[in-house]
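The structure appears right after this line, and notes come after that.
Protein chains: 2
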Amino acid sequence: MGPVSRVKIPDASPFTLYNLPYGIFSEIGKSAGRPGVAIGNNVIDLAGAWEAGLFEGLGIARSVFSAPYLNDFMALGRKTHTAVRERLQEFLRHPAVFPERATRRLLLPMDEIQLHLPVRIGDYTDFYASEPHAVRVGKLFRPDNPLLPNWKSLPVAYHGRASSVVVSGTPVHRPKGQVLTAADSRPQLLPTQALDFELELGCLIGKASQQGEPVPVDSAADYIFGLVLVNDWSARDIQRWEYQPLGPFTSKNFATTISPWVVTWEAIRPFLVAPPQQDPAPLPYLKEACRELPDIELSVAIRLEKGRGKVVTRTRSTYLYWTIAQQIAHHTVTGCNLRVGDLLASGTISGPEEGAQGCLLELTHNGTRPLAFENGLMRSYLEDGDEVVMTGWCERNGMKIGFGEAKGLVVG
Amino acid sequence: MGPVSRVKIPDASPFTLYNLPYGIFSEIGKSAGRPGVAIGNNVIDLAGAWEAGLFEGLGIARSVFSAPYLNDFMALGRKTHTAVRERLQEFLRHPAVFPERATRRLLLPMDEIQLHLPVRIGDYTDFYASEPHAVRVGKLFRPDNPLLPNWKSLPVAYHGRASSVVVSGTPVHRPKGQVLTAADSRPQLLPTQALDFELELGCLIGKASQQGEPVPVDSAADYIFGLVLVNDWSARDIQRWEYQPLGPFTSKNFATTISPWVVTWEAIRPFLVAPPQQDPAPLPYLKEACRELPDIELSVAIRLEKGRGKVVTRTRSTYLYWTIAQQIAHHTVTGCNLRVGDLLASGTISGPEEGAQGCLLELTHNGTRPLAFENGLMRSYLEDGDEVVMTGWCERNGMKIGFGEAKGLVVG
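Quick note, the sequences are listed as chains A and B, same order. Residues 158 to 569 (this note's numbering) make up the first sequence, in order. Residues 158 to 569 (this note's numbering) make up the second sequence, in order.
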């Protein structure tokens, strides 16, 4: 692929010509967003690109690019997505093809726009697919029995709350909830003292499936539109008291942050790697002809007030035991239908080594070993004024793409 | 209130002048539905009523009544809902006010229309709010510890699957899923052998709340648009294997049936009764100035193939320990936002007495004591060809309203 000549792409930008992620943007202060694509420090206005004829002959309705969510675009199918991607790459590489005059308002500087929630989320499902995470958390909640007998037979998951999924940058209110403290015999309503992040990878569904018809594991990738970073904020003290027997509810329903730019499956493809075979072998409906996982370097930084802070987690998406395809196949095995815009998150991604834990519950051993920051500041769990910033990068053979940031500031 | 003179209302009809429930209907064979109101054996076409000037001066956009879901109407607020109700009652009682000529196409016979899913469900939350149910199920799963310590402190709930909520009459496919049978050491993928119904009451939210702002328990009723019957189909063998530690997932995500007519909170109000005070007293955020629950007689019939069948469950909504207001207050206590169209179901409603159990798991003691039907037919769990039919009725002082049916046929 040749160089981009229409815009300058800074070396450190996650938004290269290989990437071209989709988001919903508006001019600053305007609430009605519309679809755009990130390139370097700019956003391509897709409604404008449509007007300029960039997508001529692809059969895309104008309304797709003035919608306040990406869902209509996501539903167009892989063939159209690939064609749009090619047109955009051509546009960026060959100014002569689309002369400046016709397209001068198509590129907006990122500092003149704001980003919105990119997708009208249908259902939000949260898996529990990283083994080092499941083992460490299991030890804290059930020391004698960390990995339950079903964990290696099926990708454990629960339904999450879709209404409170927010775009990166939205402040997160410290929740009050029912907590049973060690000192009390009855629970109290208290602001959580154990506010945590969870580093996850989110898959956004771009193709609907029919109720009653399971998606075969080897077709599951066809249903993926793209990926985002996910912070599934959790209140551990509330979770501990409420989670039996039906799972977490108010401890996680107050907010989930996703990154604003959806990195498409087309952009992710060159970064797929083969994870190890599973032992025990999964049941046939979960057995893949070709196992693959995106290889994404993930990190979490905590920025304290006054700019102090540090990276607390460095890990990789390849620590997932269950692939996205397996998650989709299991999700639909009983006939549950997928809709365009559904979010399937991986669950916390942790590596086995120290510093690769994807949440504070693991990093601080449930608050008993606080993390040290500069000037003697310590953190067992998040405090008001802390900002959690997640990033993700893929790199291979000199090709590099990134997710940008999924960040959220804790407010009291 | 005077008699209805415009249409004849059969004595056995659930859809009296007091009721006026909302649904989405179309002419038979057409897929695009629009809002209507049930009265006797007829449906009032609201788009037509708007055209005829029935709602003049109420400030309702025409598009509200041509939408394929009720959500836009639900969002209009209680004042408008009450005004529309009054206009409809006037229309039905006083033909002279709206002459036949202007309104002759407004009433469609029910046998000429079909019903669709009435609401675009946002999130679907399922509570676990009936004590006799929680105790009986708890005994089966945890004989020594039926009611967990948190149960009387908070309305336990989990997030359900919204995509697979279907309208009454939609066939339900027997799901295949992972089951660990007593004879095996490893799970297998099998058609469920323990397909169950769950009799529940569903609350549809008509007013959005803001993220980060809990709904006070004494304002919670303002957020209720209306109620429906809910059958939360469950595969008990799949549930048993998968549910630890995060709760039910594929065992319930394949289908949930709701009744087609949404009975409004205005219609329910005369049937509210005061449930007993709770012991122990709930925390202040769950303490109601005035506790109230709708008093609804509920029943479940199983119709076997060839028309045989019987009522297997008769119970009442007053067996709920946690009121709908408490469910809403707890749901939002950590700051989770509600959206118009969210469905909050009660969980299985069971009474303490024999025959008042709201699911087969309880009725048949997990299949060990099958129910007897005529001609020697027995049922431990549902078989292909069985149809489950739920009904609900409110009656007080000669005033009577009903929910109609929530039914679903099991297909292989």
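Beta carbons are placed, not taken as given, at the ideal position from N, Cα and C, and that holds for glycine.
- Under the three-state reduction of DSSP, B:W550 is assigned to strand.
- C-alpha of B:L477 to C-alpha of B:S287: approximately 4 Å in a straight line.
- At least one C-beta of chain A is nearer than 8 Å to the C-beta of B:F406.
- Close CB contacts of A:T327 within its chain, under the 8 Å cut and outside five residues either way in sequence, are with A412, T414 and G565 (chain order).
- At a cut-off of 8 Å between beta-carbon atoms, A:Y538 makes no contact with chain B.
- In this chain, the beta strand (DSSP E) harbouring B:T414 covers T413 to I415.
- With a 10 Å radius around the Cβ and a threshold of 16 neighbouring Cβ atoms, B:N494 comes out buried.
- Taking every protein chain shown into account, the CB of B:S220 has fewer than 16 other CB atoms within 10 angstroms, so this residue is exposed.
- The Cβ atoms of A:S408 and A:G515 lie no closer than 8 Å to each other.
- Check the Cα spacing between A:D168 and each of A:V567, A:L305, A:G197 and A:A482: the tightest is with A:G197.
- In this structure, the alpha-carbon of A:L311 lies about 8 Å from that of B:E399.
- Around the Cβ of B:E247, a 10 Å sphere holds fewer than 16 other Cβ atoms; the residue is exposed.
- Among the residues of the segment 454 to 488 of chain B, those with a Cβ less than 9 Å away from any Cβ of chain A are H487 and H488, in the order of the chain.
- For B:T349, there is no enclosing alpha helix (DSSP H), as DSSP marks it with neither H nor E.
- DSSP places B:T237 within a helical segment (H, G or I) once states are collapsed to three.
- If you check the CB distance, A:V419 and A:G205 do not come in under 8 Å.
- The beta-carbon distance between A:I270 and A:V200, rounded to whole angstroms, is 6 Å. This is short enough to meet the 8 Å contact definition.
- If you compare the alpha carbons of A:I485, A:G504 and A:R393 with that of A:L539, the shortest gap goes to A:R393.
- As the crow flies, the alpha-carbon of A:V567 is around 51 Å from that of B:G210.
- Judged by their CB atoms, B:I485 and B:V372 are nearer to each other than the 8 Å cut-off.
- As a beta-bridge residue in DSSP terms, B:E562 pairs with B:T548.
- In the three-state reduction of the DSSP assignment, B:D268 falls in the helix class, which pools H, G and I.
- The distance from the Cβ of B:S320 to that of A:R496 is about 5 Å, consistent with a contact at the 8 Å cut-off.
- A:V545 is positioned such that its CB atom lies no closer than 8 Å to that of A:T475.
- Of the other Cβ atoms in all chains shown, 16 or more fall within 10 Å of the Cβ of A:P344; this residue is therefore buried.
- Taking the Cα positions, A:H316 is about 50 Å away from A:A253.
- In this structure, B:L203 is the residue among B:L203, B:D379 and B:P275 with its C-alpha nearest to the C-alpha of B:R242.
- Under the criterion of beta carbons closer than 8 Å, A:P275 and A:P417 qualify as touching, at roughly 6 Å.
- Under DSSP, B:N199 shares a beta bridge with B:I196 and B:P266.
- The residue among A:L346, A:V468, A:E213 and A:P402 with its C-alpha nearest the C-alpha of B:R299 is A:P402.
- B:R397 and B:L384 have their C-alpha atoms roughly 30 Å apart.
- Annotation for A:V387: E357, G359, I415 and A502 place their beta carbon closer than 6 Å to its own, counting only its chain and skipping 5 residues before and after.
- Listed along chain A is no residue with a C-beta nearer than 9 Å to that of B:Q435; the closest approach is about 13 Å.
- One Cα belongs to B:W550, the other to B:K165, and the distance between them is close to 20 Å.
- Nearest C-alpha to B:A458 among B:F354, B:S183 and B:T239: B:F354.
- By the neighbour-count criterion, in which a residue is buried when 16 or more other Cβ atoms sit within 10 angstroms of its Cβ, A:V468 is exposed.
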